[in-house]
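Residue numbers (the working numbering): 13 to 47.
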């Protein structure tokens, strides 16, 4: 159903955010240490 599809999309978006945040933090820290 449409509700199930919306829930799956929401969880995928949440998972992507949780995965990407550490990469952004690591990139920010590496950039600060490098300069």
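Idealized CB from N, CA, C, for every residue including glycine.
It should be emphasised that the depicted structure is a prediction, and the values quoted were computed from it without experimental measurement.
Straight-line Cα distance separating residue 33 from residue 21: A direct Cα-to-Cα measurement between residue 21 and residue 33 gives close to 18 angstroms.
C-alpha distance - residue 25 paired with residue 19, whole-angstrom precision: Computed Cα separation, rounded: 10 angstroms.
Straight-line Cα distance separating residue 29 from residue 43: So the alpha carbons of these two residues sit roughly 21 angstroms apart.
Backbone CA spacing between residue 23 and residue 45 [nearest angstrom]: Their backbone Cα atoms lie some 34 angstroms apart in a straight line.
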